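Here full-length UniProt numbering is used: the first residue of the sequence shown is 1, the next is one more, and so on. Notes for the one structure printed next.
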Amino acid sequence: MDMEIDPTEPEAQIKDEDLFRAADSGDSSVFRALSPQQLLRALSLRNEDDRSLLHVATSLGHLEVVKMLSEADPSIGCTPLHRAASTGNSAMCELLIEEGAEVDAIDKAGQTPLMNAVICQNKEVALLLIRHGADVDVEDKEGYTVLGRTSDDFRPILVDAAKAMLEG
1 MDMEIDPTEP EAQIKDEDLF RAADSGDSSV FRALSPQQLL RALSLRNEDD
51 RSLLHVATSL GHLEVVKMLS EADPSIGCTP LHRAASTGNS AMCELLIEEG
101 AEVDAIDKAG QTPLMNAVIC QNKEVALLLI RHGADVDVED KEGYTVLGRT
151 SDDFRPILVD AAKAMLEG
């Protein structure tokens with residue numbers, strides 16, 4: 001491939017088409033030359049078939065490119081419900097759950113939307129997720145449960161909500 005990327009230049013320009021060509025051919029050197037900011041931006045690109053770079057590289061079996069893109073993507077395994085829970089958007093959480101979102105979906109850190117909600121101090125969302133049956137006992141990859149991730153002032157409220165769900 002004849003692409004000119006100078007990694008010493010602060011924000012070397014590369015065309016979206018060149019990135020898709022690299023994902024298609026498995027040319028990991030193109031992605032290695034990108035700055036972290038460029039790589040994050042590249043993760044959001046879609047081609048004319050609405051496929052991401054990760055979709056293209058995965059479908060063609062380009063392991064090195066898939067590995068690089070996966071490692072750069074903080075949201076791999078992160079569902080829309082994880083995002084809505086971490087931002088405190090209870091209306092969006094309710095809609096996603098009504099549409100069938102899995103309340104105990106696990107992201108690559110082993111965290112659930114409920115964990116995201118308590119870590120980000122989104123109490124209303126945390127209570128909503130518990131009302132919808134979210135598991136407070138699941139452990140993330142570091143061995144913490146939801147209650148282990150919860151602030152001291154919010155923990156009793158979560159415990160009461162979880163007990164009410166079990167009794168109710």
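Heads up, the beta-carbon is just placed ideally off N, CA and C, and yes, glycines get one too. Since the model is a prediction, treat every value here as computed from it, not as a measurement.
Per DSSP, H62 lies in no alpha helix (DSSP H) and is assigned neither H nor E. 8 Å or more divides the Cβ of D73 from the Cβ of L114. For the pair G168 and K141, the CB atoms are not nearer than the 8 Å cut-off. Listed in chain order, the non-local C-beta contacts of G26 below 6 Å within the same chain comprise H62 and V65, local neighbours out to five positions each way being set aside. Per DSSP, V138 lies in no alpha helix (DSSP H) and is assigned neither H nor E. Burial check for I97: the Cβ neighbour count within 10 Å reaches 16 or more, so the residue is buried.
In the DSSP assignment, G148 falls within the unbroken alpha helix (DSSP H) covering V146 to R149.
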